[in-house]
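Participant:
Number of protein chains: 2
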Amino acid sequence: MAEHFGIKQIAELANVSIGTVDRVLNDRPGVSKVTAKRIKDIIKKSGYQKNTVASRLKLASYKKIVIAVLIPEASDNWSFWKMPKLGIDRALEELKGLGVVVKYYSFADPLSFAMESAKIIAQDYNAVISVPFFREESNSLLQRATMRGIPVVFLDTEVELDGKAYFVRQNSHNAGLVAARLLRGLVGNDGSYFVVNMINARGPHANNQQRENGFREFFQHEPNGSEVVIKTINHPLQSTFEVSSEIATWFKKEGPKGVFVTNARSFLLPKIFKTYGVKNTFIVGFDINDQNKACLLQNEIHFLIDQKPELQGYSAIKGLFKYLTEKDDSELGMDIPVEIIVKENCGSV
Amino acid sequence: MAEHFGIKQIAELANVSIGTVDRVLNDRPGVSKVTAKRIKDIIKKSGYQKNTVASRLKLASYKKIVIAVLIPEASDNWSFWKMPKLGIDRALEELKGLGVVVKYYSFADPLSFAMESAKIIAQDYNAVISVPFFREESNSLLQRATMRGIPVVFLDTEVELDGKAYFVRQNSHNAGLVAARLLRGLVGNDGSYFVVNMINARGPHANNQQRENGFREFFQHEPNGSEVVIKTINHPLQSTFEVSSEIATWFKKEGPKGVFVTNARSFLLPKIFKTYGVKNTFIVGFDINDQNKACLLQNEIHFLIDQKPELQGYSAIKGLFKYLTEKDDSELGMDIPVEIIVKENCGSV
DNA sequence: CTGAAAGCGCTTACAG
DNA sequence: CTGAAAGCGCTTACAG
Numbered sequence: 417m418a419e420h421f422g423i424k425q426i427a428e429l430a431n432v433s434i435g436t437v438d439r440v441l442n443d444r445p446g447v448s449k450v451t452a453k454r455i456k457d458i459i460k461k462s463g464y465q466k467n468t469v470a471s472r473l474k475l476a477s478y479k480k481i482v483i484a485v486l487i488p489e490a491s492d493n494w495s496f497w498k499m500p501k502l503g504i505d506r507a508l509e510e511l512k513g514l515g516v517v518v519k520y521y522s523f524a525d526p527l528s529f530a531m532e533s534a535k536i537i538a539q540d541y542n543a544v545i546s547v548p549f550f551r552e553e554s555n556s557l558l559q560r561a562t563m564r565g566i567p568v569v570f571l572d573t574e575v576e577l578d579g580k581a582y583f584v585r586q587n588s589h590n591a592g593l594v595a596a597r598l599l600r601g602l603v604g605n606d607g608s609y610f611v612v613n614m615i616n617a618r619g620p621h622a623n624n625q626q627r628e629n630g631f632r633e634f635f636q637h638e639p640n641g642s643e644v645v646i647k648t649i650n651h652p653l654q655s656t657f658e659v660s661s662e663i664a665t666w667f668k669k670e671g672p673k674g675v676f677v678t679n680a681r682s683f684l685l686p687k688i689f690k691t692y693g694v695k696n697t698f699i700v701g702f703d704i705n706d707q708n709k710a711c712l713l714q715n716e717i718h719f720l721i722d723q724k725p726e727l728q729g730y731s732a733i734k735g736l737f738k739y740l741t742e743k744d745d746s747e748l749g750m751d752i753p754v755e756i757i758v759k760e761n762c763g764s765v
Numbered sequence: 417m418a419e420h421f422g423i424k425q426i427a428e429l430a431n432v433s434i435g436t437v438d439r440v441l442n443d444r445p446g447v448s449k450v451t452a453k454r455i456k457d458i459i460k461k462s463g464y465q466k467n468t469v470a471s472r473l474k475l476a477s478y479k480k481i482v483i484a485v486l487i488p489e490a491s492d493n494w495s496f497w498k499m500p501k502l503g504i505d506r507a508l509e510e511l512k513g514l515g516v517v518v519k520y521y522s523f524a525d526p527l528s529f530a531m532e533s534a535k536i537i538a539q540d541y542n543a544v545i546s547v548p549f550f551r552e553e554s555n556s557l558l559q560r561a562t563m564r565g566i567p568v569v570f571l572d573t574e575v576e577l578d579g580k581a582y583f584v585r586q587n588s589h590n591a592g593l594v595a596a597r598l599l600r601g602l603v604g605n606d607g608s609y610f611v612v613n614m615i616n617a618r619g620p621h622a623n624n625q626q627r628e629n630g631f632r633e634f635f636q637h638e639p640n641g642s643e644v645v646i647k648t649i650n651h652p653l654q655s656t657f658e659v660s661s662e663i664a665t666w667f668k669k670e671g672p673k674g675v676f677v678t679n680a681r682s683f684l685l686p687k688i689f690k691t692y693g694v695k696n697t698f699i700v701g702f703d704i705n706d707q708n709k710a711c712l713l714q715n716e717i718h719f720l721i722d723q724k725p726e727l728q729g730y731s732a733i734k735g736l737f738k739y740l741t742e743k744d745d746s747e748l749g750m751d752i753p754v755e756i757i758v759k760e761n762c763g764s765v
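If you read the protein sequences in the order shown, they are chains A and B.
Just so we're aligned: 604 in the numbering used here is position 188 of the first sequence, and the numbers increase by one with no gaps anywhere.
Just so we're aligned: 758 in the numbering used here is position 342 of the second sequence, and the numbers increase by one with no gaps anywhere.
(1) Out of A:Pro652, A:Ser556 and A:Tyr692, state which residue places its alpha-carbon closest to the alpha-carbon of lysine 668 of chain A.
(2) So what does DSSP say about isoleucine 757 of chain A, is it helix, strand or coil?
(3) Measuring straight from C-alpha to C-alpha, what distance separates aspartate 751 of chain B and tyrosine 739 of chain B?
(4) Does asparagine 467 of chain A get closer than 8 Å to chain B when you measure Cβ to Cβ?
(5) Looking at the secondary structure, which residues open and close the beta strand (DSSP E) in which isoleucine 634 of chain B lies?
(6) Among A:Gln465, A:Ile717 and A:Arg444, which residue has its Cα nearest to the Cα of glycine 601 of chain B?
(7) Is there a C-beta anywhere in chain A that falls below 8 Å from the one on alanine 617 of chain B?
(8) Buried or exposed: alanine 596 of chain A, going by 16 or more other Cβ atoms within 10 Å of its Cβ?
(9) From what residue to what residue does the beta strand (DSSP E) around asparagine 640 of chain B run?
(10) Below 7 Å CB to CB, which residues in the same chain sit around asparagine 605 of chain A once its five sequence neighbours on both sides are set aside?
(11) Just tell me which of A:Gln636, A:Val547 and A:Trp666 has its CA closest to the CA of glycine 729 of chain A.
(12) Three-state secondary structure (DSSP) at threonine 468 of chain B?
(13) Three or more C-beta pairs under 8 Å: does that hold for the stretch 441–453 of chain A against the stretch 441–459 of chain B?
(14) So for valine 575 of chain A, helix, strand or coil by DSSP?
(15) Taking 8 Å as the cut-off, does the stretch 698–709 of chain A touch the stretch 483–490 of chain A (at least 3 CB pairs, one atom from each stretch)?
(16) Closest to lysine 672 of chain B by C-alpha separation, out of B:Glu662, B:Ser661, B:Lys695 and B:Gln654, would be which residue?
(17) If you run the structure through DSSP and keep just helix, strand and coil, what is alanine 617 of chain B?
(18) Comparing alpha-carbon positions, which option in A:Glu726, A:Cys762, A:Glu747 and A:Pro753 lies nearest methionine 499 of chain A?
(19) Among the residues of its own chain, which have a CB less than 6 Å from the CB of tryptophan 766 of chain B, if the five just before and after it don't count?
(20) Assign threonine 656 of chain B to buried or exposed, taking buried as 16 or more other Cβ atoms, counted over all protein chains shown, within 10 Å of its Cβ.
(21) For methionine 563 of chain B, is the classification buried or exposed, using 16 other Cβ atoms within 10 angstroms of its Cβ as the cut-off for buried?
(22) Determine, using beta carbons only, whether valine 675 of chain A and leucine 685 of chain A come nearer to each other than 8 Å.
(23) Whose C-alpha, out of B:Ser462, B:Phe737 and B:Ile757, is nearest the C-alpha of isoleucine 481 of chain B?
(24) Hey, tyrosine 541 of chain B and isoleucine 483 of chain B: beta-carbon distance below 8 Å or not?
(25) Can you list the residues of chain B that asparagine 590 of chain A reaches, using a CB-CB cut of under 9 Å?
(26) In this structure, how does DSSP classify glutamine 728 of chain B when only helix, strand and coil are distinguished?
(27) So which residues of chain B does arginine 597 of chain A contact, with C-beta pairs closer than 8 Å?
(28) Check the DSSP bridge columns for histidine 651 of chain B and list the partner residues they point to.
(29) Please list the residues of the stretch 718–740 of chain A that have a C-beta atom closer than 8 Å to any C-beta atom in chain B, keeping them in chain order.
(30) Check whether the Cβ atoms of aspartate 722 of chain B and isoleucine 688 of chain B sit closer than 8 Å, and answer yes or no.
(31) Leaving out the 5 sequence neighbours to the left and right, which residues in its chain are closer than 8 Å to histidine 651 of chain A when beta-carbon positions are compared?
(32) Just the Cα atoms here: how many angstroms apart are glutamate 532 of chain B and leucine 514 of chain B?
(33) For glutamine 586 of chain B, does the three-state DSSP call read helix, strand or coil?
(34) With C-beta atoms as the reference, is glycine 701 of chain B less than 8 Å away from alanine 680 of chain B?
(35) Mind checking alanine 403 of chain A: buried by the 16 CB within 10 Å criterion, or exposed?
(36) Closest Cβ-Cβ distance between leucine 593 of chain A and chain B: below 8 Å?
This is how it looks when you write it as structure tokens:
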């Protein structure tokens, strides 16, 4: 086993040409059962490992691996969706010379998602990366891709779909648990807690619900956790946060208040708290955007949870490459870690 | 610029053979100044990018890139130094087929470090990865490697050395800042703080000092921070933690107490606190080892800071490969992030 | 059903 | 100083 086994060595041992070995290795037709068996045995014994790099070298020039990426539009004032692209480009750079290409599509609503999906399916890509914001439309994309044998990787959010898809995203339930841990440390036992969901016209987002569930579950495992009061505030998703008189009353309560904002707009809260003179609040939110970061630096937000969208994009491409070239999908199932960000470690991330 | 530029296309444009282009690209001698100039211009204009994968293909079989790794021994009850190896092996797996090989050496003290260094230098490796625990011996290694044009990457710890070395490690000063932020949130203003350094016979470790400095600096920027009392406890590094009557008195003080353990043995503290009936303590330590993890799960330790040793090993190999094959050292200067670990996110890391 | 040859983009002796 | 050829480990038409 010490020496090196390549396709050539296998061929010699089996007394066949390397072409025949290649056919067996790649399950191509046209090999008699007996020779196939003989070659397979030798492959197994030899511990042969395909040299992926060599196998892609020729193909890189005329048989690209083309991956369609369908993600939300990134606007100038909302750059979150530029992050996965950075990770995708970084992966592409590493895979330079191996013939991997990405084609970007974007969507803004279920209709555009469906339309772009149709374009993608019509093109016969080698794989699809998307974001499952709309269950019905995502199902449709998944099913049509699966029918053609095209793997689909979803970023950002995990939802249950009818079929086998890969998810490269943070576990939102765990993120909720972590958020609760962090707030609990700051607020203590006799404070009050708030979960702030910002909901768009299509109803609550899966991530937000999973995060809230995790947050609430944390307290069930705490001593006296059942006595902790957690108010949920469902607020429309818009560029301001307004407070009803009822909510204002809650916020005016004495004692420390822990506020868990289940999306990336926690930066809307400090303003309101100032306006209403609400004191003694601790905020945990998501994502390192400019506004959140500014609040973190001002000590108006205390923790952010980073979903590492750059890493999501990177992992999806690297994982798909491994799957497509080596039939190994082990890198496509991994959780993205729940990364805790404070003022002092938000810079170099 | 749309078409693809390889060595062949350049050769055609310059009316020379690919051999000559190769000489120019790799600064090999034997090309007349005029043709060299002409070819260089074309290379620049064309935006030519070397296909690293192709360039390694042939060499992978007989001209390996061999990297020496000299790190502390990992023992059964102290497995920290197995982690960088895991990362190194993961990087090697990604670079499979490109002819990258690692040879491991280990050390336990300055003497064995020096002896293994000598072996490494005698072998003429392509690069060296090590850990700069001993300044004098590290300097010697660095200088001898530099004389031979061999790059050196140090993991874990940054120290000032006489010469140019790369450091792939967490910024310990920032880690101290983060630790202070975390404890400050739990302890509040009227608590007391302790920095626990565990020091071996050779004196304090650079990381520990940098962490303590960062920790103390945090409070200087805080309002009323100068009034905060921070006691430093220097304790010998051993498998137990014993408390002098003076320290016991400090610990017995009323009010919440924040304890920052600047190494991986924060798990020694909870035991002592139980023995002495010390209440209301909050502990931040380093590294996810089994004992620390157990304390985290018991809520006896509140935060751990992960140095991501696996990632350090991985990054060192990937960065060195890029440097050795593309003369690009951009991946060798990056900080490893200061990762905050609580009970709820320590599992999947 | 099987083999021989060409080629991917480079690097390396070797020849001139 | 420069070029032509062989080769790295695979894949792919093409020939038999």
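Using N, Cα and C, we set each Cβ at its ideal position, and we do this for glycine too.
Facilitator: Per the coordinate set shown:
(1) A:Tyr692
(2) strand
(3) 17 Å
(4) yes
(5) Strictly speaking, residue 634 of chain B in this sequence is phenylalanine, with isoleucine absent from that position. Here phenylalanine 634 of chain B belongs to no beta strand (DSSP E); instead the alpha helix (DSSP H) covers 622–636.
(6) A:Ile717
(7) no
(8) buried
(9) Looking at the DSSP string, asparagine 640 of chain B is not in any beta strand (DSSP E), and its letter there is neither H nor E.
(10) Asn640
(11) A:Val547
(12) helix
(13) no
(14) coil
(15) no
(16) Before going further, note that residue 672 of chain B is proline rather than lysine in the sequence given. Taking only the C-alpha atoms, the option nearest proline 672 of chain B is B:Lys695.
(17) coil
(18) A:Glu726
(19) Residue numbering for chain B in the displayed model covers 417 to 765; residue 766 of chain B lies beyond these limits and cannot be assessed.
(20) exposed
(21) exposed
(22) yes
(23) B:Phe737
(24) yes
(25) Glu760, Asn761, Gly763 and Ser764
(26) helix
(27) Val758, Lys759 and Glu760
(28) B:Met614
(29) His718
(30) no
(31) Val612, Asn613, Met614, Ile615, Phe657 and Glu658
(32) 27 Å
(33) strand
(34) yes
(35) Any answer about residue 403 of chain A is impossible in this case: the structure gives chain A only from 417 up to 765.
(36) yes
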